[in-house]
Amino acid sequence: MENKTYDVKELAYKLKQGTISPEEQAWLDTWYTGFNDEEVLLSASKHHTPEQLREGILNKITAQMETPGKPARKVITLWRNIAAAAAVVLLVTFAALYKNEVLEIVDPAKLVELVTAPGKHRQISLPDGTRIWLSPGSHISYPDKFRTKERLVKLEGEAFFDVVHDEDHPFVIQSGQLKTVVLGTSFNVKAYPEQIISEVTVISGKVAVQEHNLPKSKQAIMILNQRAVYNKTDRSLVKQEYPNASKFLSQRTGLFSYDGASLQSVADDLSLQYGIRVTITPDISKKGFYGHINTNEPIAKTFNKLCAVMDIRWNRVDNDYYLQPLPSNN
């Protein structure tokens, strides 16, 4: 017999009409024997397994076909074949429609939750191949299997995302009141629960950001070197140009570079990265800092380097760190 491939529905119809050829009958029998229907389940039916479905169809047909005084064996045999073919068509259809629902019963997805400690970075890969760099003091949760229309993850804190493209399954990040939707791109989300301002910065591709549960008409669309800034207080969402977006490529691993940023901005970054409180005296808070900081290093080493460059001093009281000018020589 030639190695041909047939249309299952067409053969089922031919079987029902009695026009199927021996070769086609043999192919259909072989296909049906190897059909994997173990994962097919009709949740809205009284039949809970494929075997019950096939048997129910068969019993209903044979009950209608058998009449007193007539030999029924050949009729039953014929209709058994027709019922089997009909069951195949139904099973193929329901397998396509209810695949994810069935899998959730047979092998339910589990929720994965990860938390990074202060001063610790973590890189993870999601089931779809998406890579995430999780910043210190952050929490993320996601299913170990993506089976719904959206690939949904939830974030508290900050993370850099490099999302695998899938046009049919948008990647969605829920971070507090913000909802970020992408198809495939790289971007940074900063949304710490205790901070009023949340930010989504795009490094490549296109990202849609909107307040959770609001219509698409309220969303902001960002492309390369743009960011969305959301204010929790007045619920405002503003799109801004951000030429320095590429800095997040190094910051995702804890390496920060500054080109004249205020000392207050540097202190804010250190507070989030190390999970500490930093207080700066007003007279030095606006001083510009030029240099690099590796937040993977111990906090004391980081402050020593910062103070050496800025000609200031630091001291610690419990979990509070204070930056002050050097004492006067007078």
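Here the sequence shown is numbered in the numbering used here, starting from 1 and rising by one per residue.
Here a beta-carbon is modelled for each residue, glycine too, at the ideal position from N, C-alpha and C.
Starting from the Cα of Pro143, find the closest Cα among Trp133, His121 and Leu114 and give me that residue.
Leu114
Ends of the beta strand (DSSP E) at Ile197?
Ile197 to Ser204
Go through its chain and collect everything with a Cβ distance to Glu156's Cβ below 6 angstroms, but skip five positions before and after it.
His139 and Pro193
How many Å lie between Lys216 and Gln210 at the Cα?
7 angstroms
Ala120 versus Ile284, Ile132 and Thr295, residue with shortest Cα-Cα distance
For the record, residue 120 in the displayed sequence is Lys; it is not Ala. It is Thr295 whose Cα lies nearest to the Cα of Lys120.
Whole angstroms is fine: what's the gap from Val229's alpha carbon to Leu28's?
60 angstroms
Ser356: which of Asp311, Gly205, Leu270 and Glu150 sits nearest, CA to CA?
Because the chain spans 1 through 330 in this model, residue 356 falls outside it and cannot be assessed.
State whether the segment 230-237 contacts the segment 252-260, with contact taken as three or more CB pairs (one from each stretch) at a distance under 8 angstroms.
no
Output the boundary residues of the beta strand (DSSP E) element that contains Ala228.
Gln226 to Asn231
Using three-state DSSP, classify Asp320 as helix, strand or coil.
strand
Own chain partners of Asp268 with C-beta closer than 8 angstroms, once the 5 adjacent residues on each side are dropped:
Val278
Taking the alpha helix (DSSP H) that Ser186 belongs to, which residues open and close that run?
Unbroken run through Ser186 is the beta strand (DSSP E), Ser186 to Ala191; no alpha helix (DSSP H).
Does the Cβ-Cβ distance between Leu306 and Phe289 come in under 9 angstroms?
yes
What first and last residue would you give for the alpha helix (DSSP H) that runs through Leu270?
Leu263 to Tyr274
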